[in-house]
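Here is the structure we will look at, set down as structure tokens.
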Amino acid sequence: MSILVDRSTRLLVQGITGREGGFHAQQMLDFGTTIVAGVTPGRGGQSALGGAVPVFDTCAAAVAASGADCSVIFVPAPAAPDAILEALDAGIGTIFCITEHIPALDMLKVVAEVKARGARLVGPNCPGATTPGQAKVGIIPGSIHRPGRVGLVSRSGTLTYEVVQAMSDAGIGQSTCVGIGGDPISGSSFVDILELFRDDPETEGVVLIGEIGGGAEEAAAAWKAEHMPDVPMVAFIAGRTAPPGRRMGHAGAIISGSGGTAEAKIGALETAGIRVATSPSQIPGMLIEAGIDPD
Amino acid sequence: MKLQEHHAKTLLARAGLPVPPWSVAATPADVGAQAERYLADGATAVVVKAQVLVGGRGKAGGVRLAHSADEAQTVAAAILGMDIKGITVRRVLVAPAADIIRELYLAAVLDRAEQRILLMGSAQGGIDIETLAQEDPAAIVRVHAHPQLGLQPFQARQMAFALGLAAHLGEAVAICQGLCDIMLAEDADLVEVNPLALVSEVGPEGPVERLALLDAKVTLDDSALARHPGHETMRDLDEEDPADVAARAAGLSFIRLEGDIGCMVNGAGLAMTTMDLVKRAGGEPANFLDIGGGARSDKVAEAMRLILTDPSVRAILVNIFGGIARGDEVARGLVEARARQARSVPLVVRIVGTNADMAADILRDAGSDIIAARTLDEAVERAVALARQAAA
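So the sequence lines, in the order shown, correspond to chains U and F. Under this note's numbering, the first residue of the first sequence is numbered 384, with each subsequent residue one higher. Under this note's numbering, the first residue of the second sequence is numbered 27, with each subsequent residue one higher.
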């Protein structure tokens with residue numbers, strides 16, 4: 384088992400004929416992901432990835448022909464909200480949006496629509512999700528993983544790779560690694576993903592990678608204490624020494640009264656019984672101490 | 027992007043909200059002339075306010091009253107050129123002083139957790155709202171606008187009644203709606219009015235009370251600037267470090283800090299982590315620098331140039347986890363920059379992930395003095411040690 388993506392995932396790539404979309408679609412295919420269709424308006428009838436994947440003009444046509452149930456979006460920011468809504472309209476249940484720099488107020492409306500339809504969006508501005516040995520959706524390098532039983536959820540991109548690599552090197556494999564993205568308005572929160580890990584019988588422990596700003600880590604800590612108290616969990620927070628005000632600013636502080644500081648987050652996590660590492664390299668050791676057996 | 031008060035007021039006034047007249051001046055003489063005009067129009071005093079993007083300008087002496095044109099000139103001479111938290115005051119806003127009966131607080135802000143626009147108000151105005159949110163959250167009235175339907179009139183009325191503005195219901199509702207409309211129209215993260223004031227004005231039939239927006243703070247969503255071409259003209263380049271301006275032009279995210287170890291990293295989270303580890307190892311980062319995904323060699327070279335513009339940099343730490351970014355591109359950029367750089371600073375490089383092997387070959391073949399490190403912890407230790415050596 385795993386969460387979000389696995390070997391049964393039938394993936395649609397929106398923007399498959401673009402530079403980024405094409406490159407990463409090939410990487411996903413090489414990893415073993417089942418890519419059943421691509422969409423680029425105006426390029427319907429062509430094929431991509433050396434003829435391996437048929438391209439359609441619309442998501443509706445792609446889904447009708449291929450039975451795609453998951454989509455990953457690589458289209459540029461001005462067209463990305465529309466791409467999410469198109470996937471939603473075609474009946475796709477799980478949508479990953481890799482695109483960055485989408486205006487927050489566009490996402491406000493799009494996320495509300497995704498939730499109203501009962502679908503799931505991960506991102507935007509996220510690296511996607513990988514279930515080692517089964518499928519990867521997004522841009523996380525395939526080579527760093529090792530199949531196993533620890534779930535990982537992160538707001539960051541390259542920092543996630545750093546932690547995954549450290550885990551794999553120490554013999555600690557992953558059930559699924561999910562990057563939820565660092566944008567102010569995103570489709571999935573830490574809590575949304577923790578809920579999936581809790582319900583996954585093959586996830587025995589969880590690593591949470593947070594950053595300063597916002598209150599998502601605090602919410603995750605409180606949820607963990609209440610809903611999955613017995614699951615071993617280790618966290619890392621980036622930005623302990625960042626100068627105040629640059630990431631979070633006034634807008635967040637007037638709502639919560641807290642600056643979204645590393646101290647506040649670390650305090651909340653530790654109160655919930657979650658150990659917080661001071662370097663990514665400490666995470667494997669802490670997992671082992673929490674009862675996770677390396678291979 | 028944060029806006030200066032006068033730009034924020036322009037957006038509010040353009041939306042039809044009651045902002046009393048104001049003008050902007052850069053010299054004491056001009057301030058005197060503006061003051062004379064307002065005083066002749068019936069104002070009993072004028073207020074002169076420093077235009078800076080940092081908070082706490084009132085406490086720093088950057089906001090002062092004047093009762094005559096001469097006094098306004100004197101006050102302006104004191105404020106212009108003043109240093110407020112490292113920012114030199116270059117312009118002031120001049121406005122007739124209001125006859126304030128009551129001060130309130132009102133703001134529309136993007137609420138990340140609720141994923142809605144939040145309208146927040148408080149009957150206590152002119153206060154430090156961040157402190158109030160922490161110490162007495164119950165004193166803040168909160169109303170969330172529907173993400174698709176927007177703020178409803180009943181919600182605006184709820185806010186107005188809660189703030190004790192029943193006698194000014196129509197005006198208050200229009201202001202509540204106006205703040206939310208500006209959020210949407212301008213792609214703002216924050217539209218804040220502090221204080222919103224009930225003021226007394228002399229009308230033809232004696233004094234009248236009405237609501238007025240006396241100060242304004244607006245922050246725009248950087249991701250939406252492209253679809254508002256006019257917004258770029260409101261950017262205050264005077265208040266930005268030239269390195270910040272150059273970084274933005276190159277598509278780099280750069281923040282100058284106080285230390286001596288220059289950092290170049292891909293990804294904001296990993297960049298912050300690298301800085302955290304430098305501090306933990308006893309060093310001080312000279313900057314935050316995220317070269318972003320898919321950085322090409324020319325971008326890497328520009329990043330290197332930016333780091334070296336800081337004379338206090340004694341060592342440079344490059345930490346790249348290749349994903350979208352390719353290690354070989356970064357290595358080529360480093361070699362290029364190394365060949366052209368004005369001064370020699372020890373360079374510790376750690377490149378892993380996509381094309382890391384090619385990167386290692388490039389760095390070795392360049393025959394340069396670049397120090398390769400395998401792990402992040404090792405790279406940090408080397409850089410901190412080299413900076414310390416250079417300082418000794």
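Yeah, the Cβ is synthetic: ideal placement off N, Cα and C, and Gly gets one too.
Bridge partner(s) assigned by DSSP for residue i
| i | result |
| --- | --- |
| L222(F) | L130(F) and L239(F) |
| R282(F) | N313(F) |
| N345(F) | V291(F) and R376(F) |
| A420(U) | L395(U) |
| L144(F) | V135(F) and H170(F) |
| A92(F) | V72(F) |
| A51(F) | V118(F) |
| P530(U) | Q557(U) |
| L246(F) | A214(F) |
Euclidean distance between Cα positions of residue i and residue j
| i | j | result |
| --- | --- | --- |
| E129(F) | I592(U) | 43 angstroms |
| A416(F) | G622(U) | 27 angstroms |
| P515(U) | V497(U) | 27 angstroms |
| I333(F) | L542(U) | 22 angstroms |
| G277(F) | E97(F) | 46 angstroms |
| A618(U) | A294(F) | 17 angstroms |
| D382(F) | L175(F) | Here residue 382(F) turns out to be Ala, not Asp, going by the sequence shown. Each residue's alpha carbon lies about 50 angstroms from the other. |
| Q548(U) | D676(U) | 17 angstroms |
| R630(U) | T392(U) | In this prediction, R630(U) scores a pLDDT of 48, lower than 50, which makes its location untrustworthy; no coordinate-derived value is stated. |
| I418(U) | A341(F) | 46 angstroms |
| M290(F) | P163(F) | 40 angstroms |
| S148(F) | L222(F) | 10 angstroms |
| I208(F) | M669(U) | 48 angstroms |
| V574(U) | C560(U) | 15 angstroms |
| G632(U) | G196(F) | No answer about G632(U) holds up, because its pLDDT of 48 lies below 50 and its placement is not dependable. |
| R408(F) | V589(U) | 32 angstroms |
| L263(F) | V228(F) | 40 angstroms |
| D680(U) | D286(F) | In the structure as shown, chain U begins at 384 and stops at 678. Residue 680(U) is therefore absent and cannot be evaluated. |
| A413(F) | G309(F) | 8 angstroms |
| A408(U) | M384(F) | 22 angstroms |
| Y544(U) | E609(U) | 29 angstroms |
| D395(F) | D267(F) | 31 angstroms |
| A321(F) | L239(F) | 45 angstroms |
| V446(U) | I475(U) | 8 angstroms |
| L577(U) | A363(F) | 44 angstroms |
| L158(F) | G562(U) | 34 angstroms |
Per-residue contacts from residue i into chain F (C-beta, under 9 angstroms)
| i | result |
| --- | --- |
| R538(U) | G295 |
| K648(U) | Within 9 angstroms Cβ-Cβ: nothing; K648(U) doesn't reach chain F, min ~13 angstroms. |
| T661(U) | D302, L303 and R306 |
| G554(U) | Here the premise fails: no neighbours, minimum Cβ distance about 17 angstroms. |
| A460(U) | S249 and A252 |
Chain F contact residues for residue i, given Cβ-Cβ distances below 8 angstroms
| i | result |
| --- | --- |
| I467(U) | Going along chain F, no residue has its Cβ under 8 angstroms from I467(U), so there is no contact; the nearest lies around 14 angstroms. |
| P667(U) | Going along chain F, no residue has its Cβ under 8 angstroms from P667(U), so there is no contact; the nearest lies around 13 angstroms. |
| G565(U) | A294 and G295 |
| S664(U) | T401, L402 and D403 |
Contact set between residue i and chain U, taken where Cβ atoms lie within less than 8 angstroms
| i | result |
| --- | --- |
| E292(F) | Before going further, note that residue 292(F) is Asn rather than Glu in the sequence given. Those are T541, listed as they occur along chain U. |
| L136(F) | A487, L488, L491, P567, I568 and A634 |
| L283(F) | P626 |
Closer than 7 angstroms at the beta carbon, the chain U residues around residue i
| i | result |
| --- | --- |
| I350(F) | I522 |
| F347(F) | T541, Y544 and E545 |
| M298(F) | E594, A621, G622 and A625 |
| G379(F) | P524 and Y544 |
Chain-ordered chain F contacts of residue i [CB-CB under 7 angstroms]
| i | result |
| --- | --- |
| H484(U) | S249 |
| K624(U) | Note that residue 624(U) is Thr in the sequence shown, not Lys. Correct list: M301, D302 and K305. |
| V494(U) | Q141 |
| G501(U) | Ordered by position in chain F, no residue passes the 7 angstroms Cβ test against G501(U), which lies about 16 angstroms from the chain. |
| G597(U) | R138 |
Proximal chain B residues relative to residue i, where beta-carbon distance stays under 7 angstroms
| i | result |
| --- | --- |
| L210(F) | Going by chain labels, chain B is absent from the structure shown, which instead holds the protein chains U and F. |
Where residue i meets chain U, residues with beta-carbon distance less than 9 angstroms
| i | result |
| --- | --- |
| T100(F) | Here the premise fails: no neighbours, minimum Cβ distance about 32 angstroms. |
| D213(F) | P486, A487, L488 and D489 |
Problem - Within the region 535-613 of chain U, ranges of the alpha helix (DSSP H) (whole runs, at least 4 residues) - result: 541-552, 573-581 and 599-610
Handout entry: Sufficient close CB pairs (3 or more, under 8 angstroms) joining the region 438-456 of chain U to the region 527-540 of chain U
Key = no
Practice task
Decide if the region 582-592 of chain U is in contact with the region 466-484 of chain U; the criterion is three or more beta carbon pairs, one per stretch, under 8 angstroms apart.
Solution key: no
Handout entry: Any 3 or more C-beta pairs closer than 8 angstroms across the region 589-605 of chain U and the region 654-667 of chain U
Key = yes
Problem - Contact the region 245-264 of chain F vs the region 303-314 of chain F: 3+ CB pairs below 8 angstroms - result: no
Problem - Start-end ranges of the alpha helix (DSSP H) lying completely within the region 436-467 of chain U, minimum 4 residues - result: 442-449
Handout entry: Any 3 or more C-beta pairs closer than 8 angstroms across the region 526-533 of chain U and the region 491-508 of chain U
Key = no
Problem - the region 378-392 of chain F in contact with the region 562-573 of chain U per 3-pair CB rule at 8 angstroms - result: no
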